[in-house]
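Take a look at the structure set out below.
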Amino acid sequence: MSTVPVCPVCDAEVHLQGTTIVSELVVCDSCSCMLEVRSLDPLQLAEAPQEQEDWGE
Amino acid sequence: MSTVPVCPVCDAEVHLQGTTIVSELVVCDSCSCMLEVRSLDPLQLAEAPQEQEDWGE
Amino acid sequence: MLILKIGGGAGINIEGIADDLAGAPEPAVIVHGANAWRDDLADRLGVAREVVTSVRGYDSVLATEATMDVMLMAYAGLRNKRIVETLQRRNVAAIGLTGLDGRLIRGKRNPGIQVRQGEKILLRRDLSGKPQGINVPLLKLLMENGYTPVLTVPICDEQGFAISADNDDITAALHRELRASMVVSLLEAPGFLSDPADPGSVIASMSRADVKQWEERSTGRIKRKLHAINGIMEEHPTRVILADGRTAHPLADARAGRGTVIA
Amino acid sequence: MLILKIGGGAGINIEGIADDLAGAPEPAVIVHGANAWRDDLADRLGVAREVVTSVRGYDSVLATEATMDVMLMAYAGLRNKRIVETLQRRNVAAIGLTGLDGRLIRGKRNPGIQVRQGEKILLRRDLSGKPQGINVPLLKLLMENGYTPVLTVPICDEQGFAISADNDDITAALHRELRASMVVSLLEAPGFLSDPADPGSVIASMSRADVKQWEERSTGRIKRKLHAINGIMEEHPTRVILADGRTAHPLADARAGRGTVIA
Chain A
14 MSTVPVCPVC
24 DAEVHLQGTT
34 IVSELVVCDS
44 CSCMLEVRSL
54 DPLQLAEAPQ
64 EQEDWGE
Chain B
14 MSTVPVCPVC
24 DAEVHLQGTT
34 IVSELVVCDS
44 CSCMLEVRSL
54 DPLQLAEAPQ
64 EQEDWGE
Chain C
4 MLILKIGGGA
14 GINIEGIADD
24 LAGAPEPAVI
34 VHGANAWRDD
44 LADRLGVARE
54 VVTSVRGYDS
64 VLATEATMDV
74 MLMAYAGLRN
84 KRIVETLQRR
94 NVAAIGLTGL
104 DGRLIRGKRN
114 PGIQVRQGEK
124 ILLRRDLSGK
134 PQGINVPLLK
144 LLMENGYTPV
154 LTVPICDEQG
164 FAISADNDDI
174 TAALHRELRA
184 SMVVSLLEAP
194 GFLSDPADPG
204 SVIASMSRAD
214 VKQWEERSTG
224 RIKRKLHAIN
234 GIMEEHPTRV
244 ILADGRTAHP
254 LADARAGRGT
264 VIA
Chain D
4 MLILKIGGGA
14 GINIEGIADD
24 LAGAPEPAVI
34 VHGANAWRDD
44 LADRLGVARE
54 VVTSVRGYDS
64 VLATEATMDV
74 MLMAYAGLRN
84 KRIVETLQRR
94 NVAAIGLTGL
104 DGRLIRGKRN
114 PGIQVRQGEK
124 ILLRRDLSGK
134 PQGINVPLLK
144 LLMENGYTPV
154 LTVPICDEQG
164 FAISADNDDI
174 TAALHRELRA
184 SMVVSLLEAP
194 GFLSDPADPG
204 SVIASMSRAD
214 VKQWEERSTG
224 RIKRKLHAIN
234 GIMEEHPTRV
244 ILADGRTAHP
254 LADARAGRGT
264 VIA
């Protein structure tokens with residue numbers, strides 16, 4: 014990963030392990046927002062949606 | 014077959030062979046109408062619908 | 004106006020329901036399920052159901068493209084049109100529609116389920132959502148012209164995609180905007196059972212407070228059903244009847260209060 | 004007003020057609036087939052097709068309860084709703100309906116096919132018929148309120164039963180009562196081919212007399228299609244275009260006269 018990924022919420026650098034996969038949820042160390050790995054190539058991070066009451070289906 | 018079947022069009026007696034089956038088309042000997050064997054027990058005869066142009070499907 | 008929810012089990016007596024509607028016609032919107040037909044079709048086609056367990060321990064069947072195709076065939080195709088046929092055979096002017104048609108039922112896509120995989124947590128998105136709004140003008144247009152809408156999933160998400168939704172949530176969303184004088188839900192049970200294993204444990208009537216208590220004590224599907232009923236009762240209280248959809252005259256029985264009456 | 008018939012082959016470019024409709028909206032009624040989806044589903048479910056040969060030598064696939072269920076799932080469920088979804092994704096207010104819904108397309112049950120069995124002749128009845136009338140008020144109600152009806156089989160027989168019918172006959176019946184300014188039929192071919200085996204043999208334009216001659220010279224499905232077009236041209240002449248449904252912009256091409264123009 015050439016460029017260092019930044020948090021879409023607070024712009025701080027986000028340190029991802031080499032084993033990161035798409036759909037993975039990671040926490041931004043600086044603002045502790047939950048981030049979703051939308052794609053790896055190109056690397057795209059997005060704030061994870063707020064979880065709502067989860068009923069199971 | 015206890016009662017002798019009659020033609021629904023001209024009321025003449027209709028002579029069916031023992032091998033008659035449901036859906037079979039038979040011709041009334043007296044009025045030569047095409048009759049459909051709707052059921053065997055009870056025996057029901059009906060005038061067969063007029064065939065319309067037949068396209069195959 | 005009546006909202007009639009018909010369960011998706013194979014034991015439901017649709018002919019009896021149609022006889023009752025034809026016998027005592029009233030403006031009505033029908034919502035129906037088809038889970039029995041879906042499961043049979045998925046088995047016959049070999050379409051696997053992927054169940055995921057959320058980090059909070061709830062199991063969900065993921066709505067994928069493949070399961071959506073099965074849903075379209077079983078709900079919108081087979082069951083919807085056979086119900087319309089059964090009604091048309093009795094001269095009830097039924098018109099079968101999904102929530103996608105004319106954006107009748109607009110919904111919001113679920114945000115995804117957080118699932119543990121090894122020490123990672125993944126967000127599993129799928130094609131399911133919650134109903135948010137009803138195209139009331141279209142429903143009224145049809146009903147004012149004598150038609151009985153027969154509705155089923157899928158519903159329509161913000162971008163016009165077909166998504167699945169829960170029929171109890173759909174029923175509540177319909178009531179919220181149509182303000183039905185009565186909501187009847189026909190099940191494969193004699194009504195609400197205090198002990199789900201004992202068909203004799205039907206609760207004949209429940210107040211709004213009772214429903215709240217039962218929701219807290221229940222789990223899974225029943226909890227969800229009671230949650231939707233609570234939503235109905237909180238916003239626009241009406242007469243809600245849970246009755247047996249397998250009897251000779253399910254709707255007549257429900258109209259006569261045989262089952263669980265919530266008012 | 005446009006009547007747009009979309010063929011049931013898998014090669015049809017439904018996204019391109021939807022782009023064209025969204026790009027240049029006009030009041031339209033869509034009729035679509037789904038034979039490719041039906042055949043695939045019948046194979047996967049192991050539903051056999053019973054072909055009978057009439058005493059006059061024509062082959063027909065019998066429409067049985069089992070094949071009707073497959074038709075409901077493939078046409079009214081899967082294909083109809085995926086076409087509605089594709090249109091809704093482009094903000095075309097599509098509403099998917101069969102001829103059964105609201106008795107949109109009323110038909111008469113075929114009298115049955117006379118079939119030789121040994122030295123007997125049997126009358127084989129099935130669930131097929133000919134369209135006889137359209138519920139024009141319902142179609143107009145929807146179109147005047149901005150909706151685009153997306154229609155498919157089954158149609159509705161005299162007693163309210165679901166029966167199958169030929170889409171070319173349905174298109175002709177729709178035109179008879181709606182008097183479309185243009186009828187476009189999108190096929191898996193560049194237009195009408197003088198030699199079915201040669202895609203280069205597209206006839207660019209045909210007069211009404213040409214169509215009659217070609218009907219007499221053709222056999223099977225093509226003869227049937229031309230027979231329906233002749234019916235259209237005899238009763239309410241209009242502009243009929245047979246065009247390729249597989250190109251990038253099938254409807255735009257047809258509107259521009261690329262294909263076979265019959266006028």
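Going down the list, the protein sequences come from chains A, B, C and D.
So the first sequence is numbered by the numbering used here: it starts at 14 and just counts up by one.
So the second sequence is numbered by the numbering used here: it starts at 14 and just counts up by one.
So the third sequence is numbered by the numbering used here: it starts at 4 and just counts up by one.
So the fourth sequence is numbered by the numbering used here: it starts at 4 and just counts up by one.
Here a beta-carbon is modelled for each residue, glycine too, at the ideal position from N, C-alpha and C.
Cα-Cα separation, residue i to residue j
i       : j       : result
L180(D) : G36(D)  : In the sequence on display, residue 180(D) carries Glu and not Leu. Taking the straight line joining both Cα atoms gives about 21 Å.
P140(C) : M146(C) : 10 Å
A66(D)  : L7(D)   : 25 Å
Y78(D)  : V40(B)  : 40 Å
E18(D)  : T155(C) : 25 Å
M14(A)  : D129(C) : Confidence at M14(A) is low in this model, with a pLDDT of 47, below 50, so its placement is unreliable and the value that follows should be read with caution. Answer to the nearest angstrom: the Cα atoms are 28 Å apart.
A255(C) : I20(C)  : 8 Å
L90(D)  : L48(B)  : 51 Å
D54(B)  : T33(B)  : 12 Å
H285(D) : V32(D)  : Because chain D in this structure spans residues 4 to 266, residue 285(D) falls outside the shown range and cannot be described.
L44(C)  : Q117(C) : 29 Å
R51(B)  : L29(B)  : 13 Å
L107(D) : P28(C)  : 21 Å
A168(D) : I158(D) : 7 Å
E37(A)  : G80(D)  : 35 Å
L189(C) : A176(C) : 18 Å
Cross-strand partners of residue i (DSSP beta bridge)
i       : result
L189(D) : I9(D) and A246(D)
L100(D) : L154(D)
M47(B)  : V40(B)
H35(D)  : I9(D)
D54(B)  : For D54(B), which the question treats as bridged, DSSP gives no partner whatsoever.
I166(D) : I158(D)
P134(C) : G110(C)
S63(D)  : V55(D)
Minimum Cβ-Cβ distance from residue i to chain C less than 8 Å
i       : result
D22(D)  : no
M209(D) : no
Q57(A)  : no
L48(A)  : no
Unbroken alpha helix (DSSP H) run spanning residue i, endpoints
i       : result
P140(C) : V139 to E147
I265(D) : First-last for I265(D): T263 to I265, but that is the beta strand (DSSP E), not the alpha helix (DSSP H).
L254(D) : P253 to R258
V40(B)  : First-last for V40(B): L38 to V40, but that is the beta strand (DSSP E), not the alpha helix (DSSP H).
E219(D) : R211 to R220
V73(D)  : E68 to M74
I20(D)  : I17 to G26
Cutoff 8 Å: residue i Cβ touching any chain D Cβ
i       : result
P18(B)  : no
A39(C)  : no
G99(C)  : yes
M14(B)  : At M14(B) the pLDDT is 48, less than 50, meaning the model places this residue with poor confidence; the figure from the coordinates comes in the next sentence. Not closer than 8 Å to any Cβ of chain D, the Cβ of M14(B) fails to qualify, so no.
E60(B)  : no
E26(B)  : no
F164(C) : yes
Test item: CB-CB of residue i and residue j under 8 Å
i       : j       : result
A183(C) : T101(C) : no
I267(D) : A231(D) : The first residue shown for chain D is 4 and the last is 266, placing residue 267(D) beyond what the model contains.
I98(D)  : D104(C) : yes
G163(D) : K133(D) : no
D160(C) : K228(C) : no
A96(C)  : Y61(C)  : no
V87(C)  : V153(C) : yes
L56(A)  : C20(A)  : no
I173(D) : V34(D)  : yes
R47(D)  : L48(C)  : yes
I1(D)   : T263(D) : This structure cannot speak to residue 1(D), because chain D is shown only from 4 to 266.
C44(A)  : A61(A)  : no
V58(D)  : R127(D) : no
E238(C) : G14(C)  : no
Residue-chain proximity (residue i, chain B), Cβ-Cβ < 8 Å
i       : result
R261(D) : no
I235(D) : no
Limits of the beta strand (DSSP E) - the one that residue i falls within
i       : result
I116(D) : I116 to Q120
G110(D) : I108 to R112
Within-8 Å CB hit, residue i to chain A
i       : result
Q135(C) : no
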